[in-house]
Amino acid sequence: MRIFPSLRENFGRMAAQEERLVPSSQAKLDELFLHWLSLPDAQQFVLSLLSNVRKGKPIGSVGSGFTSPNAEDKTSGKNLASPPPRSPTGRSPKHSPENNREGMWMDTKDGNLSKELGKDGDLHHAPHQEDAVMQDKQHPAARKPDASLSLPRFYNPKQPSDDVLGAAKLELEEMTQLFNSNPEGLNSENFISFATKVCGYPSFLAPTLFEKLAGDETKVSQAKCRFWWENSMKHKKPEARLFDLLKGQGSNYVTREDWMKHLRFLLDTHPGLDFLKGTPEFQDRYLECVVERIFYVNNRAENDKMTQLDFVKSNLVKVLKYVDEEPDINKVLDYFSYEHFYVLYCKFWELDNDHDFLLDRDDLVKLSNYALTYRIVDRIFSGACKPLSSGTPDKLGYQDFIWLLLSEEDKHSETAIRYWFRGIDLDGDGYITPHEMEYFYKEQLHRMDCLAQEVVQFEDILCQMTDMVKPAREGYISMLDLKRCKQPGVFFNVLFNLTKFIQYDQKDPGQIFNERATPELTDWDRYAKIEYARLAMEEDQGEYADEIDFGGEGGDDV
24 MRIFPSLREN
34 FGRMAAQEER
44 LVPSSQAKLD
54 ELFLHWLSLP
64 DAQQFVLSLL
74 SNVRKGKPIG
84 SVGSGFTSPN
94 AEDKTSGKNL
104 ASPPPRSPTG
114 RSPKHSPENN
124 REGMWMDTKD
134 GNLSKELGKD
144 GDLHHAPHQE
154 DAVMQDKQHP
164 AARKPDASLS
174 LPRFYNPKQP
184 SDDVLGAAKL
194 ELEEMTQLFN
204 SNPEGLNSEN
214 FISFATKVCG
224 YPSFLAPTLF
234 EKLAGDETKV
244 SQAKCRFWWE
254 NSMKHKKPEA
264 RLFDLLKGQG
274 SNYVTREDWM
284 KHLRFLLDTH
294 PGLDFLKGTP
304 EFQDRYLECV
314 VERIFYVNNR
324 AENDKMTQLD
334 FVKSNLVKVL
344 KYVDEEPDIN
354 KVLDYFSYEH
364 FYVLYCKFWE
374 LDNDHDFLLD
384 RDDLVKLSNY
394 ALTYRIVDRI
404 FSGACKPLSS
414 GTPDKLGYQD
424 FIWLLLSEED
434 KHSETAIRYW
444 FRGIDLDGDG
454 YITPHEMEYF
464 YKEQLHRMDC
474 LAQEVVQFED
484 ILCQMTDMVK
494 PAREGYISML
504 DLKRCKQPGV
514 FFNVLFNLTK
524 FIQYDQKDPG
534 QIFNERATPE
544 LTDWDRYAKI
554 EYARLAMEED
564 QGEYADEIDF
574 GGEGGDDV
């Protein structure tokens with residue numbers, strides 16, 4: 024019959040294809056299988072199975088033995104209990120139902136299957152090694168679990184960890200002890216212990232929490248504290264706790280006004296800020312500077328809304344705790360240093376000739392001895408780098424200047440990269456192209472020529488900047504490319520700050536030494552330290568005697 028030559032041809036082609044892919048042992052098995060299939064008895068056996076399948080008759084259960092073609096009922100097909108044999112080159116897992124079927128491994132080298140079959144048509148062979156192992160595993164003693172093994176608990180992100188549960192237990196015990204000592208409630212003084220030890224807040228935020236819980240009363244009961252702790256504190260991370268305290272009622276974000284309101288208690292309690300108590304105008308400017316620096320670093324959306332995610336990604340909890348513990352406010356370089364505020368304010372005041380607390384283009388170009396080009400100054404006043412908050416067209420306010428100076432003196436920060444990238448990206452397509460780079464560099468060329476500096480042509484600059492940034496797409500520098508670059512400040516300085524460009528090109532030894540001596544400081548920290556020393560020296564020598572006010576009508580000196 025034609026079916027068997029076809030089967031032989033098909034299996035022959037399969038064997039030829041598989042022979043190139045499998046080891047020699049697999050090729051030998053294929054050879055034995057084809058030899059068995061070519062036997063007349065085996066062909067009759069396969070035909071019987073196919074006949075049963077066409078007639079809808081059952082062919083037996085998996086694991087039953089073969090019926091020999093030489094047995095008494097070999098033509099009836101009634102004793103055929105095994106499924107058709109499959110190719111031994113299958114890729115099923117070792118313990119899959121297909122590979123656990125009996126009758127797969129048989130010796131057919133003599134070409135006679137009847138020797139392998141009993142009189143009942145069942146296949147008799149020694150138990151396979153895997154079968155023996157499986158039988159051992161089915162023994163009750165083998166199924167007994169090992170007491171030394173313990174499966175890890177399934178991770179549930181909504182279930183508090185053991186550390187969180189332990190911390191909550193300690194907080195509850197601390198609250199219980201606190202109210203055992205104050206059964207009538209907590210006043211504003213002993214409430215600080217609840218805010219710091221139970222809630223984990225810095226002490227200068229205790230008045231904020233006291234007002235929230237006490238309302239018009241002079242004491243807070245245990246019931247109110249327990250309710251607040253259960254609903255707003257328990258099992259929450261410090262960042263989430265801080266966010267819940269500072270945000271307004273029903274709000275999903277923290278604004279600048281929220282920060283100003285809550286940090287005002289810091290001015291009354293921190294020993295490093297006692298000298299400001301007699302000058303409320305400077306207190307306001309200091310707080311405004313602190314809040315603006317907080318938003319500069321942590322408000323990635325660059326709006327007036329700090330989300331909980333901003334708090335989670337920030338170092339605010341750590342910094343606020345440090346402020347609470349450190350009596351010298353100038354050691355807190357992040358956000359709160361008074362020396363940093365002093366530098367920012369005095370630099371602004373130096374540029375503001377008419378003291379209207381606003382800067383125009385003529386004022387700003389004088390920054391750092393005319394370091395910035397007119398073209399980048401125009402981009403700043405256009406709002407391309409950051410929308411202006413002064414409320415006056417073509418004028419820079421105090422908050423705008425804080426963002427500008429922080430970005431100018433530390434171009435490695437993510438905020439500074441975003442700030443200057445938007446300024447250079449003239450068409451706003453998200454890429455800086457050679458055409459845009461050349462637009463800004465032309466003014467640098469003119470300045471170098473006027474100052475008798477060695478002129479570096481744009482073609483050379485373009486090659487150097489491309490090698491330094493290594494953009495993912497040739498000819499298009501993205502913001503991500505600059506963030507990955509180790510020297511984004513050099514890239515920007517080449518385009519619009521001639522002073523720093525020359526310093527880098529000449530490898531100023533003083534700058535290199537300063538950077539290596541203080542690796543823990545940022546570029547802004549180093550600048551503020553040097554500039555504060557200069558301003559203090561000028562003031563001591565009487566060279567910085569201009570009177571400073573806050574409304575253009577006279578006031579106190581800084």
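For the sequence shown, the working numbering assigns the number 24 to the initial residue and increments by one for each residue that follows.
Backbone N, C-alpha and C define an ideal beta-carbon position, used for all residues, glycine too.
Which residue from the options puts its Cα closest to that of residue i?
i: Val243; options: Gln422, Gly223, Leu201 and Leu265; result: Leu201
i: Gln245; options: Ile484, Phe217, Asp239 and Pro261; result: Phe217
i: Phe318; options: Leu339, Phe214, Pro303 and Gly301; result: Leu339
i: Pro183; options: Phe288, Met256 and Ile525; result: Met256
i: Leu228; options: Asp239, Thr241 and Phe214; result: Phe214
i: Asp448; options: Phe515, Glu304, Pro63 and Met471; result: Phe515
i: Asp601; options: Gly406, Tyr365 and Leu387; result: A question about residue 601 goes unanswered here, because the residues of the chain that appear run from 24 up to 581.
i: Tyr309; options: Arg264, Phe364 and Ser337; result: Phe364
i: Ala407; options: Glu240, Leu356, Trp547 and Asp450; result: Asp450
i: Val313; options: Gly301, Asp281 and Lys336; result: Asp281
i: Gln331; options: Gly271, Glu304 and Glu311; result: Gly271
i: Glu477; options: Ile525, Gly79 and Arg264; result: Ile525
i: Val400; options: Glu212, His285, Asn203 and Gly446; result: Gly446
i: Lys284; options: Leu411, Val479, Glu311 and Leu60; result: Glu311
i: Leu195; options: Trp251, Ala237, Lys341 and Arg323; result: Trp251
i: Glu606; options: Ser211, Cys486 and Leu286; result: With the chain covering 24 to 581 only, the question about residue 606 has no answer from this structure.
i: Leu299; options: Pro63, Ile352 and Asn392; result: Ile352
i: Ala551; options: Ser412, Lys354, Arg398 and Val517; result: Lys354
What distance in whole Å lies between the Cβ atoms of residue j and residue i, which are believed to be in contact at a cut-off of 8 Å?
i: Glu459; j: Phe481; result: About 12 Å separates the two Cβ atoms, so there is no contact after all.
i: Phe266; j: Thr396; result: About 41 Å separates the two Cβ atoms, so there is no contact after all.
i: Phe232; j: Leu268; result: The sequence shown places Leu at residue 232, rather than the Phe named in the question. So it is a contact: roughly 6 Å between Cβ atoms.
i: Glu197; j: Val221; result: 5 Å
i: Lys434; j: Pro532; result: At roughly 21 Å, the Cβ-Cβ gap does not stay under 8 Å, so Lys434 and Pro532 are not in contact.
i: Arg470; j: Leu521; result: 5 Å
i: Ile455; j: Leu427; result: Going by Cβ atoms, the distance from Ile455 to Leu427 rounds to 20 Å, so no, they are not a contact pair.
i: Val346; j: Pro225; result: 7 Å
i: Ile440; j: Lys506; result: 6 Å
What number of angstroms, rounded off, separates the C-alpha of residue i from the C-alpha of residue j?
i: Asp154; j: Phe56; result: The predicted position of Asp154 is uncertain, since its pLDDT is 47 and thus under 50; no value can be drawn from it.
i: Lys51; j: Val76; result: 30 Å
i: Glu207; j: Asn326; result: 44 Å
i: Tyr555; j: Tyr464; result: 32 Å
i: Asp504; j: Pro416; result: 33 Å
i: Leu474; j: Gln467; result: 11 Å
i: His293; j: Asp385; result: 39 Å
i: Val277; j: Lys530; result: 44 Å
i: Asp185; j: Pro261; result: 16 Å
i: Phe291; j: Tyr361; result: Reading off the sequence, residue 291 comes out as Asp, not Phe. Between Asp291 and Tyr361, the C-alpha separation is close to 15 Å.
i: Phe288; j: Lys328; result: 22 Å
i: Glu587; j: Ile500; result: With the chain running from 24 to 581 in the structure shown, residue 587 is simply not present.
i: Asn275; j: Val320; result: 19 Å
i: Asn418; j: Ala394; result: Here residue 418 turns out to be Lys, not Asn, going by the sequence shown. So the alpha carbons of these two residues sit roughly 19 Å apart.
i: Gln49; j: Glu437; result: 60 Å
i: Gly414; j: Tyr421; result: 11 Å
i: Ile484; j: Asp490; result: 10 Å
i: Phe380; j: Arg549; result: 26 Å
i: Ser61; j: Val69; result: 11 Å
i: Gln306; j: Ala191; result: 37 Å
How would you label residue i, buried or exposed, when you count the other beta carbons within 10 angstroms and need 16 or more for buried?
i: Glu561; result: exposed
i: Glu431; result: buried
i: Phe424; result: buried
i: Glu348; result: exposed
i: Leu193; result: exposed
i: Arg557; result: exposed
i: Lys523; result: buried
i: Lys409; result: buried
i: Thr541; result: exposed
i: Gln564; result: exposed
i: Ala74; result: The question names Ala, but residue 74 in the sequence shown is Ser. Answer is exposed; the Cβ neighbour count stays below 16.
i: Asp377; result: exposed
i: Ser337; result: buried
i: Ser633; result: In the structure displayed, the chain extends from 24 to 581; residue 633 sits before or after that span and is not available.
i: Phe359; result: buried
i: Arg539; result: exposed
i: Phe334; result: buried
i: Leu188; result: exposed
i: Ser405; result: exposed
Are the C-beta of residue i and some C-beta of chain D separated by less than 9 Å?
i: Asp291; result: Annotation note: the requested chain D is absent from the structure, which comprises a single protein chain.
Item checked: Validate contact between the region 489-499 and the region 353-371 using beta carbons, cut 8 Å, 3 pairs -> Between the region 489-499 and the region 353-371, the count of Cβ pairs shorter than 8 Å is below three; the stretches do not touch.
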